[in-house]
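Residue numbers (my numbering), protein chains in the order written: chain A, 364 to 634; chain B, 364 to 634.
From the three backbone atoms N, C-alpha and C, an ideal C-beta is built for every residue, glycine too.
Everything numeric in this text was worked out from a predicted model, so none of it was measured.
This report concerns only the one structure given below.
Take a look at the structure:
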């Protein structure tokens, strides 16, 4: 097949604000080429106040297969979807939308699925480990739910806004998960995940205090750009096992591909 | 630059129904690459009843540079634009839209500009020639206005719907052009242009009776797919000078590029 788009090309979008940092357009377009699919992934920079109008319009685009939803739209997009998976409904956020066939959107959240796949790729199950999730927004909520579902023994959540963390902890507790609010301090935890946007910019404060971590600690970062954040660099210096945002993202590609109707595609670097 | 899109990639769309036949995605994406611009052109299949909603949404897409508008949306899109060029206002149709900076669209019609450039590339000016334009929709109206402006001595318009042709002839007459309604019969004309969609499908009737044409006649077709329609094949057999839809389209690329803010780009085959 040709490397250039045609009138028959299908489109997958990724919508965010900002969107310049996302890797999806290159990752997915390369994947489509590898698979011989005539499709392209393009970025859509859409401001929060414009999301509802944008989604209403994009729902009329017949050859749009779906949208990947990124910061800061995951929670709003869930409220705009006409149909949610149980998981997305629980989390109250989506990171993928596909047309529902009636000018609306079906949403799911696969961030947690990707994280769990990436976290357990060290061969150690999550069951009975103690986990700390920093950031209680869309990603943090998804990750906390997925960790709860994976049977962690302790599920601490943290946020710059304590009320937001408390709301999340209460929802997790209602589902029977061992959740509570904590400070963003890694000591005492086996698995530590940054789900806040801190680390996207060089001048950002470190989102988690790493004192007390070492070879027994897994440190993951949902921030995918830069590929290795300052948090991960410091964690690696301490001997922790680190999981970069890029790996979390790649790990959810097969589930996203299935959701969009492409079949269960794998990115080459997932193996 | 990379051949894969990134989060920084700009997007140009082409909106139509159907849209599978359009050449713009390949033409423009190749042009962007040649020029080192990080941009991609993608098709948007949008149904007539969905156009208003689609445009309202696409106006919120910050990295969308604009839309090429094709059949059957050119006239409706003009009514939805917030700002029109004098030319588009006269024609009552647009084939290009760009964001107006306030969630609306500025429109222009460059079909006629492209046709005149292509028609005069045989070195013969249009002034004082007798022209027949078949099809009084968006393209036909644009072409008829551009031919009038070029000083043709006779400007006949024709349509399967006689009332539509009459409306167009009256508007042209009001602008001082020598317009009248005629049958789709080429005899007696120097320049004959098909601006109806007939010829897109193999089973379509021939849109113009070519009896009486020969080496002195120029026959142009706005249909770009197939590249050489049955009308043009028969005209060529009669010795006419033929102008395919693809050449009309290429001839307007520099004006479209300027309209979208890319500067005055030329496609390689325009030379």
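Item                                                                                                           : Value
With 16 other Cβ atoms within 10 Å as the buried cut-off, status of residue 584 (chain A)                      : buried
Proximity test, Cβ basis, 8 Å: residue 371 (chain B) and chain A                                               : yes
For residue 555 (chain A) and residue 626 (chain B), the rounded distance between their alpha carbons          : 50 Å
Under 8 Å from the C-beta of residue 428 (chain B): neighbouring residues of chain A                           : Ordered by position in chain A, no residue passes the 8 Å Cβ test against residue 428 (chain B), which lies about 12 Å from the chain.
Runs of beta strand (DSSP E) wholly within the region 561 to 625 of chain A (minimum 3 residues, chain order)  : 581 to 584, 604 to 606
Neighbour-count burial assignment, residue 496 (chain B), 16 or more Cβ in a 10 Å radius                       : buried
Residue 392 (chain B) at chain A interface by Cβ criterion, 8 Å                                                : yes
Short-range partners of chain B found in the region 552 to 568 of chain A, where Cβ spacing is below 7 Å       : none
Within chain B, partners of residue 413 (chain A) - CB distance below 9 Å                                      : 420, 422, 423, 424, 425, 466
Through-space distance from residue 406 (chain B) to residue 374 (chain A), alpha-carbon basis                 : 8 Å
Three-way DSSP call (helix, strand, coil) for residue 408 (chain B) in this model                              : strand
Same chain, Cβ closer than 7 Å to residue 572 (chain A), neighbours up to 5 away in sequence not counted       : 547, 548, 549
Which of helix, strand or coil DSSP assigns to residue 635 (chain B)                                           : Only positions 364 to 634 of chain B appear in this structure, which leaves residue 635 (chain B) out of reach.
Chain B contact for residue 435 (chain A) (CB, 8 Å cutoff)                                                     : no
Closest Cα partner of residue 376 (chain A) within the set A:424, A:533, A:536                                 : A:424
Close beta carbons around residue 530 (chain A), own chain, < 8 Å, minus the five adjacent residues each side  : 499
Residue 373 (chain B), enclosing beta strand (DSSP E) - first and last residue                                 : 373 to 379
Residue-chain proximity (residue 623 (chain B), chain C), Cβ-Cβ < 8 Å                                          : This model lacks chain C altogether; the protein chains it does include are A and B.
Where the alpha helix (DSSP H) through residue 530 (chain B) begins and ends                                   : 525 to 537
Local Cβ density within 10 Å of residue 568 (chain A), reported as buried at 16 or more and exposed below that : exposed
DSSP bridge partner residues for residue 458 (chain B) (one or two, in chain order)                            : BP columns for residue 458 (chain B) are empty, so no partner.
Residue 422 (chain B), DSSP secondary structure in three states                                                : coil
Identity of the residue in A:586, A:435, A:409, A:437 nearest residue 427 (chain B) by Cα                      : A:409
Proximity below 8 Å, CB of residue 451 (chain B) to CB of residue 472 (chain B)                                : yes
Inter-residue Cα distance where the pair is residue 487 (chain B) and residue 465 (chain A)                    : 53 Å
Residue 431 (chain B) - partner residues in DSSP beta bridges                                                  : B:377, B:459
Short CB-CB distance (under 8 Å) between residue 605 (chain B) and chain A                                     : no
Within chain A, the residues that residue 374 (chain B) reaches when beta carbons sit closer than 7 Å          : 405
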